Structures are given as C-alpha cells and as structure tokens.
Amino acid sequence: MKDPQRLQSGANTFLKAGSKCAQWFREAVRYIPAGTSKANLYMLPHPLYVQGGTGCWATDLEGVERLDCINNFTSLIHGHAFPPVVQAVTAQLSRGTNFAFSTPDELLLAKLLVERIPGLEQVRFGNSGTEAVMMAIKAARAFTGRDRIAKIEGAYHGYYDDVQVSFHSEPPDWGLDDAPASLPSSGGIPKHRVQETLVLPWNDQEATERLLTRHKSELAAVIVDPLANRMGFVPPAPGYLKHLREVTRAYGILVIFDEVISLRVGFTGAQGRYGGDPDLTAMGKIIGGGFPVGATGGKAEVMAVFDPGTKGPRILSGGTFSANPITMTAGLAAMQALDHATFARLEDMGTRLRTRLNDVFKRSGQAGQVTGDGSLFRLMMVSRPLRNYRDTVEAGADQRSYRLFMALLDAGIMVNNNGLGCLSTPMGDAELDRINGALERALAALARE
Ligand SMILES: Cc1ncc(COP(=O)(O)O)c(C=O)c1O
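All you need for the working numbering is the position in the sequence shown, starting with 1, plus 14.
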C-alpha cells in the first residue's frame, strides 16, 4: 500500500473510466460473472476492488482509504489485521493448516462459546453461517422426525434452500399480513421446497400461534433471528419470544436461533439480551476471527443427533475444512479479546452513534432512520416506526438506500449497499465523528441530486 489518501469527499475515483478498478473489472468479468463472487457486492458500473486494510481502514485499488463500517459483513469485530489474530494464525501456519484429526483449539473455542451463550451445551463447527443454519435444520428434523420448518418473513438465513424463502417479498404477491405467502427469494429452489417452508409474521403473537397450531404436527422447527438485519434490526416485541417458546414447546417444535450476525450484540449474544431459550443456535461471522466459519450448538439432548455413536436418529455431518486449525485459532484469539468491558464499550459507541445519526436524518428533512443494537446499525430510508418486515418496504426506499451507499463511499465511509453497518474495536470517538460527518455530506449530496 502506497500513501493511501483519507478523503472526506470525492473519494469515488474508482468510478472513473480509466481507474484501476475499471481495468480490473474488464478482466475479471471474463472469468467471474459480474466480476465478483458475492452477489451483494454487485454494483454499477463495476465493483469496488480493495487492496488491503488495517484496523478500521480499508484501501481501494486507487489508493483511497475509507473507514470500514461493514467489516466483511460484520464478521471482523476487531477490524483488519488484528494483531492477536495475526500472531495466532501465523504460529498455526507453521504448525500445519489442517489435519484429518481434531486439534485442541476446537475444544477451546467450543468451551468458550458454551460458557458464554445461554442456549449452548454443545457445539459443532462448519465453514459458513449458511452451513450452520443447514446443520441446525437437519438436526431439528432428525430429532423430531418431522420435515417442515417455519421462518419469519423478511429474515435472511443464508442460502440453504429451505430458508431462501420470503426474505424480500413484495406486494402484491406477499399474501396477507397475518398469513404471509411462501415465496422463493432466489432462483434454483425446487417449488415444493419453497412451499414446505411456513412463513410467519414477526411480532404478531396471535397470527404466529394460529399458524403454528394449524401446522403443528408437520413442523420440526421455527427458525428465528432475534435481531434480523434485512428487517432493519426490528427487536422482538415484549413477550413475543416467550410466547413463541411456550407455543412451540407445547407442540414439540424446536426453536432455532440464527445468531450469525446478532451474536455481536453482547457477551451472551442476542439470546442473553432478549431471552427465547432456543434448542439450537446457528453462529458464524465474529466467532471465526475473520476466517470462514459456522457453528451449530444447542441442548445436548438435541446435539446428540451429531454423535455417530448415539442410538436413534443421527445426521452425518463432516466437512473437509470443518473446525480447521486456522479458523479455530483465529476465532479463539478474536473471542478471547471480547470481554465484558469491550462489549460494553462497543455498545456505548453504538448507542451514541445511532442517536447522533438519527439527529442527522431529522435535521436533513429526508425520510430515514438509524436502527440497530450493540455495535450494529442500519441506515433505513423509511421514516415510519418499524415493527416487522412489511413496515420496511416502501416504494423507492431500496433505490434511496443504494444512492446513500454510493454517497457514503464518496464521503469516505464503507457500509453495505443496503445500509447495514457496524463498529469495530479499533474505532473510537474520532471515527464516530467521521461517520456523522459522512452521513451529513451524503444526505446533502442526495438532496442536490
Ligand atoms: C442472519 C444470517 N444468517 C446466516 C447467514 C449466512 O452466513 P454465511 O454468509 O457465512 O453463509 C447470514 C449472512 O449474512 C446472516 O446474516
């Protein structure tokens, strides 16, 4: 990296026709559809390519450094090149990257998670959040002997067939408010799989109970993200999770929490904050210290389905790279550095940031608000109070969100193109000021357009 420039405006030099990113894209698009392997990095006229990063800063191919408030989709809670992770991984690299046998760090990371997260008695590792969700669903099916699952409308759980359902439904197809339709949210999913997934409206106790009662003997599990990103981090309404737990317990349906993102909100995850007593929990992102990771944990009675020696229903789960020593040592170093005080500091920064950014929105007179919890925030281009997914859907909101994303990039701040952002431990008050200033400039730019 050579003399990166920390621009506060006019940072989008990568959009110029002769930029390095444009050149790179012309070559990449010949070998990679859309020039990038992740659908959510798609942007016009081409993706932003990055050469590296340290702490909370990332530098693009043009040499422009931006404050990284997306941290590889919230996974890098310590930012880039966090020294304890670099040291742990470097040491492990010279001891071997993977074996066909277990290594001690797998036990240490499992123990750390079980000791912190209330719903965990045992854990199994995989390589992504998608895999963690898939393993949880399979475990619930094996344990209950039932096939169907239910999910909440507007919640994203990765790209396993059963859950790529109704996470960006739109009118007029989305069905009734209290009986949302099961719609495919991606191509390539067999129609019968989509219909197998029952869709529930978030925070509507009555409708949730009615739908679960109607399908009680078919359902293996309800999967819930206690703080769903795509829904704008709308928290559970008081009593919703408790009621869900009571109803599912009465019907022998398991509750799976998807904490792939929400584990970030505190030492005990979102379940420590909001309750809900899940049988199974899917995890990912921060627990891998920046390396590919997924983990499924839960009550020992249910987790027994992963034990090849157990009697009764079992599921076969393997994975050449599951629990690989690099991820395990990186995850351990990252998680050990997240003590109570560190989470409290992140939460305090997050609370102050959300208050300040909401003020910026108000002063700008434009539709929008900032939601979130702990170190997570979401810039939502709608003004009405949010109670469920449908409240977040408004004509033109997605386009405004994308324009804000581009304007923030130009103001030197990286968030996701849907407004998702997060803080990292290398950040402090100076970075909060910078985010605040960037939002002011970005909204002013949008007003001028
Ligand atoms: C809540 C949630 N669940 C599951 C996933 C899938 O995780 P991964 O991208 O690691 O497969 C994501 C990814 O963003 C997520 O946000």
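Glycine is no exception: its CB is placed at the ideal position from the N, C-alpha and C atoms.
These numbers were taken from a predicted model, which means no experiment stands behind them.
Sequence-distant residues of the same chain with beta carbon closer than 7 Å to residue i, five excluded per side
| i | result |
| --- | --- |
| tryptophan 155 | Contrary to the premise, residue 155 reads as arginine rather than tryptophan in this sequence. Correct list, in chain order: Asp161, Ala234. |
| leucine 122 | Leu346 |
| glycine 388 | Arg278, Val279, Gly280, Leu360, Glu361, Gly364 |
| methionine 148 | Tyr174 |
| tyrosine 403 | Glu167, Gly168, Trp216, Met245 |
Under the three-state DSSP convention, the category residue i falls into
| i | result |
| --- | --- |
| isoleucine 300 | helix |
| threonine 310 | strand |
| alanine 164 | strand |
| isoleucine 131 | coil |
| proline 398 | The identity of residue 398 in the sequence shown is arginine, whereas the question assumes proline. Reduced to three states, the DSSP call for arginine 398 is coil. |
| arginine 138 | strand |
| glutamine 22 | coil |
| alanine 425 | coil |
| glycine 274 | Correcting the residue identity first, residue 274 is valine in this sequence and not glycine. Coil, per DSSP. |
| glycine 435 | strand |
| alanine 242 | coil |
| threonine 295 | strand |
Residue i vs residue j beta-carbon contact at 7 Å
| i | j | result |
| --- | --- | --- |
| methionine 428 | arginine 80 | yes |
| glutamine 285 | proline 132 | yes |
| glutamate 135 | alanine 337 | no |
| leucine 423 | asparagine 26 | yes |
| valine 384 | leucine 393 | yes |
| glutamate 223 | valine 261 | yes |
| alanine 309 | methionine 297 | yes |
| leucine 460 | arginine 398 | no |
| glutamine 219 | histidine 257 | yes |
| phenylalanine 375 | glycine 382 | yes |
| valine 179 | threonine 144 | no |
| alanine 456 | alanine 425 | yes |
| proline 339 | glutamine 106 | yes |
| valine 213 | serine 196 | yes |
| methionine 441 | glutamate 120 | no |
Neighbourhood of residue i by C-beta distance below 8 Å, restricted to the same chain and skipping five residues each side
| i | result |
| --- | --- |
| alanine 348 | Ile91, His92, Phe96, Pro98, Val99, Ile300, Ile301, Gly302, Gly303, Gly304 |
| alanine 72 | Val64, Gly66, Glu79, Arg80, Asp82, His94, Met428 |
| threonine 50 | Ala42, Tyr56, Pro61 |
Cutoff 6 Å; reference residue i; Cβ partners in own chain excluding five residues on either side
| i | result |
| --- | --- |
| arginine 448 | Leu81 |
| leucine 268 | Ala154, Ala235, Asp293 |
Neighbour-count burial assignment, residue i, 16 or more Cβ in a 10 Å radius
| i | result |
| --- | --- |
| methionine 15 | Low local confidence applies: a pLDDT of 49 at methionine 15 is under 50, so the model's placement there is unreliable, with the coordinate-based value given in what follows. Looking at its Cβ environment, which holds fewer than 16 other Cβ atoms inside 10 Å, methionine 15 is exposed. |
| aspartate 239 | buried |
| glycine 24 | exposed |
| asparagine 430 | buried |
| tyrosine 56 | exposed |
| tyrosine 174 | buried |
| arginine 414 | buried |
| isoleucine 163 | buried |
If you scan the stretch 145-231 from start to end, which runs of the beta strand (DSSP E) of 3 or more residues do you find wholly inside it?
162-166, 211-214, all fully within the stretch 145-231.
Just list the beta strand (DSSP E) runs in the stretch 38-113, keeping only unbroken ones of 3 residues or longer that don't cross its boundaries, in chain order.
Restricting attention to beta strand (DSSP E) runs no shorter than 3 residues, the stretch 38-113 encloses them at 64-68, 71-74, 79-82, ordered along the chain.
Every unbroken beta strand (DSSP E) inside the stretch 327-396 [3 residues or more]:
With a minimum length of 3 residues, the continuous beta strand (DSSP E) runs that stay inside the stretch 327-396 are 383-387, 390-394.
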